[in-house]
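Going left to right, the sequence shown walks through residues -24 to -1, 1 to 331 as mature numbering (1 follows the signal peptide of the UniProt record, and there is no 0) numbers them. All C-beta atoms in this analysis are idealised placements derived from N, C-alpha and C, irrespective of residue type, glycine included. Treat the numbers as computed from the prediction; the structure is a model and nothing was measured. Okay, structure first, notes after.
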Amino acid sequence: MQFSRLVSAAAFLALSAATNITIAQPGVPFVVNDTLPPSFAFTDGASIVDLFLNVDSSTTWNLISKTHLQGDTGEPEGMVRVGDDRIFVSSGQYTVATEKYNRTINGTDRTAGAGYAHMLVYDGQGGLIANATLTRPGDIEYHAGGIDYDGRYIWIPLAQYRPNSTATIVRLDPLTLEVQRLFAVDDHNGGVVHDTIADTLVTLNWNARNATTWSFKDYPSSFAPLPLFTPPEIDLQNPSFFVDYQDCKFIGHHVLPSQLALARNNPYGGQLRPLMFCSGVATITSGDSSYPLGGLALVDLETATPLWEVPIGILSDLGVSIAENPVDVSVVDGKLRVYFIPDQHNSTLYVYEAN
Ligand SMILES: *[C@@H]1O[C@H](CO)[C@@H](O)[C@H](O)[C@H]1NC(C)=O
Ligand SMILES: *[C@@H]1O[C@H](CO)[C@@H](O)[C@H](O)[C@H]1NC(C)=O
Ligand SMILES: *[C@@H]1O[C@H](CO)[C@@H](O)[C@H](O)[C@H]1NC(C)=O
Ligand SMILES: *[C@@H]1O[C@H](CO)[C@@H](O)[C@H](O)[C@H]1NC(C)=O
Ligand SMILES: *[C@@H]1O[C@H](CO)[C@@H](O)[C@H](O)[C@H]1NC(C)=O
Ligand SMILES: *[C@@H]1O[C@H](CO)[C@@H](O)[C@H](O)[C@H]1NC(C)=O
Ligand SMILES: *[C@@H]1O[C@H](CO)[C@@H](O)[C@H](O)[C@H]1NC(C)=O
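Right under this line is the structure:
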């Protein structure tokens, strides 16, 4: 019923066949003033690094705000704040659940299931502005993972919803919600960041076990035309099993404090490194019981090495680990703010500040 004022705007977007956009607030631009701001993660990057290196397991997280997001959000997977008054959320709508095989078939462990990937655009009060469908009926790659905004585009991995499968890397224009499919990957990809300085993309696979890098230096000649797979330039195993990263943000290239090397034996202390900020969860099992462990991490993009990792034990009001899925980060009045959307279907944006 709350969707009765939705108007289909697909006709306005003849250019992008794969995107069907439902407008919830007619006349309201997807980006404030139709002007793309730089990404917070990038403008605040140096302060994010400084402040996050002071966060540890005893840090007090103060709740700044809780904003209910309108409508059925499905499974939120990634978020980016584009300016102070716009939140873009990648989300999965699942119409047929995947089902575990009892053995490995075609390298994977479950059926494909079915569904659609969406990009939901919200205003700062949690009002839905638009709901874009990024996939076509029957598309097997209907899972939209963790996303990144680089000041121009939002990068999204559309993947099969099962390990050891396939993905297509796409970018969405926040001004029009138009989607451009760029290249295909011979693995599930659940997250992506754009290193705008090196002009590389780093993607993470199922449970972020591997990080793969593609360079745009020779784009498009170094990329195979769709639907052929393009192999990555670099394929690295993630050395950390602490939490499985779900959503990451590129935060620039920064010189790490040299005392990191001395006090923490961190190999990158004092060096200029390409960095991303990630949230993630791990399910810790003991006998018949299990619980979710949430965590935040500063990760070196070139080596996939976590440089700083902290657990975060906060649960949503619905009992879900706060670090489940979407995360974004910024600095407000000299303090680190982290944004989370943990719950499925009935979602709330939680904003916490590290004290
Ligand atoms: C949008 O435009 C209005 C009117 O020109 C201006 O006051 C406001 O600061 C702008 N907002 C942003 C986020 O650029
Ligand atoms: C977006 O649209 C899909 C149907 O295409 C629907 O299932 C989903 O609930 C919508 N999301 C919101 C937040 O309205
Ligand atoms: C896996 O095995 C269970 C129990 O034998 C069976 O009920 C289920 O249908 C099997 N699943 C598949 C996808 O074959
Ligand atoms: C395994 O892959 C083959 C070749 O692509 C395909 O024909 C077959 O249907 C797949 N099996 C399953 C269970 O998906
Ligand atoms: C995916 O492939 C890797 C490497 O071949 C294998 O170790 C892993 O068990 C596979 N995962 C699943 C869920 O099939
Ligand atoms: C993960 O990285 C390791 C080490 O580089 C590599 O051997 C393995 O094939 C990679 N696995 C996948 C699924 O890319
Ligand atoms: C939605 O979640 C909030 C807590 O975040 C809860 O108070 C509310 O009752 C839920 N609404 C529905 C319809 O389940």
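Item to check | Sequence-distant residues of its chain with Cβ nearer than 6 angstroms to residue 210 (five each side left out) | outcome: Here residue 210 corresponds to residue number 234 of the sequence shown, with the count starting at 1. 189.
Next on the checklist: With distance defined between alpha-carbon atoms, name the residue in 315, 316, 325, 311 nearest to residue 28.
Outcome noted: Counted from its first residue, the sequence shown places residue 28 at position 52. It is 311 whose Cα lies nearest to the Cα of residue 28.
Item to check | Inter-residue Cα distance where the pair is residue 122 and residue 234 | outcome: In the sequence shown, residue 122 corresponds to position 146, counting from 1. In the sequence shown, residue 234 corresponds to position 258, counting from 1. One C-alpha to the other measures close to 31 angstroms.
Checklist entry - For the putative contact between residue 1 and residue 103, defined by C-beta atoms under 8 angstroms, what is the C-beta separation to the nearest angstrom? => result Translated into positions along the sequence shown, residue 1 becomes position 25. Translated into positions along the sequence shown, residue 103 becomes position 127. Confirmed, about 7 angstroms.
Next on the checklist: Bridge partners for residue 313 per DSSP, in chain order?
Outcome noted: Along the sequence shown, one-based indexing puts residue 313 at 337. The partner list for residue 313 (beta bridge, DSSP) reads 306, 329.
Item to check | Heavy atoms of ligand 4 versus C-beta positions, residues under 6 angstroms | outcome: 81, 82
Item to check | One or two residues paired with residue 280 in a DSSP bridge | outcome: In the sequence shown, the residue the question calls residue 280 occupies position 304. Answer is none; residue 280 lacks a bridge partner.
Item to check | Rounded separation between residue 230 and residue 276 - CA only | outcome: Position 254 of the sequence shown holds residue 230. Position 300 of the sequence shown holds residue 276. Rounded to whole angstroms, residue 230 to residue 276 spans 10 angstroms at the Cα level.
Item to check | beta-carbon residue 163 near ligand 6 non-hydrogen atom, thresh 6 angstroms | outcome: Counting from 1 along the sequence shown, the entry for residue 163 is found at position 187. Within the cutoff, so yes.
Next on the checklist: Suppose contacts are defined by Cβ-Cβ distances below 7 angstroms. Is residue 73 in contact with residue -6 by that definition?
Outcome noted: Reading the sequence shown from its first residue, position 97 is the one you call residue 73. Reading the sequence shown from its first residue, position 19 is the one you call residue -6. No, these two residues do not count as a Cβ contact at 7 angstroms.
Next on the checklist: ligand 1 and residue 332: does the residue's C-beta get closer than 6 angstroms to at least one heavy atom of that ligand?
Outcome noted: In this structure the chain extends from -24 to 331, so residue 332 is not present and cannot be described.
Checklist entry - Which residues in the same chain as residue 126 place their Cβ atom closer than 8 angstroms to its Cβ, once the five residues preceding and following it in sequence are excluded? => result The residue labelled residue 126 in the question sits at position 150 within the sequence shown. Closer than 8 angstroms at the Cβ level, and outside the excluded window around residue 126, lie 15, 18, 170, 172, 226.
Checklist entry - Going by C-alpha distance, which of 99, 100, 89, 270 is nearest residue 135? => result Here residue 135 refers to the residue found at position 159 when the sequence shown is read from its first residue. Measuring from the Cα of residue 135, the nearest candidate turns out to be 89.
Next on the checklist: On the CB-based measure, 16 or more other CB atoms within 10 Å of its CB, does residue 322 come out buried or exposed?
Outcome noted: Residue numbering aside, residue 322 sits at position 346 when the sequence shown is read from its first letter. Classification for residue 322: exposed.
Next on the checklist: Pop quiz: residue 263 and residue 288 are said to be a contact at Cβ under 8 angstroms. What is the actual Cβ separation, rounded to whole angstroms?
Outcome noted: On the sequence shown, position 287 is the one that residue 263 refers to. On the sequence shown, position 312 is the one that residue 288 refers to. About 25 angstroms; that fails the 8 angstroms criterion.
Next on the checklist: I'd like to know if the stretch 154 to 161 and the stretch 49 to 67 are in contact, where contact means that at least 3 CB-CB pairs between them fall below 8 angstroms.
Outcome noted: no
Checklist entry - Just how far apart, CA to CA, sit residue 38 and residue 219? => result Your numbering for residue 38 matches position 62 in the sequence shown. Your numbering for residue 219 matches position 243 in the sequence shown. When rounded, the distance between both Cα atoms is 22 angstroms.
Checklist entry - At which residue ranges does the stretch 170 to 253 contain complete beta strand (DSSP E) runs of 3 or more residues, listed in the order of the chain? => result 176 to 180, 186 to 191, 210 to 213, 220 to 231
Checklist entry - Can you give the beta carbon distance from residue 84 to residue 140, rounded, assuming they're within the 8 angstroms contact cut? => result By one-based count along the sequence shown, residue 84 stands at place 108. By one-based count along the sequence shown, residue 140 stands at place 164. About 5 angstroms; that satisfies the 8 angstroms criterion.
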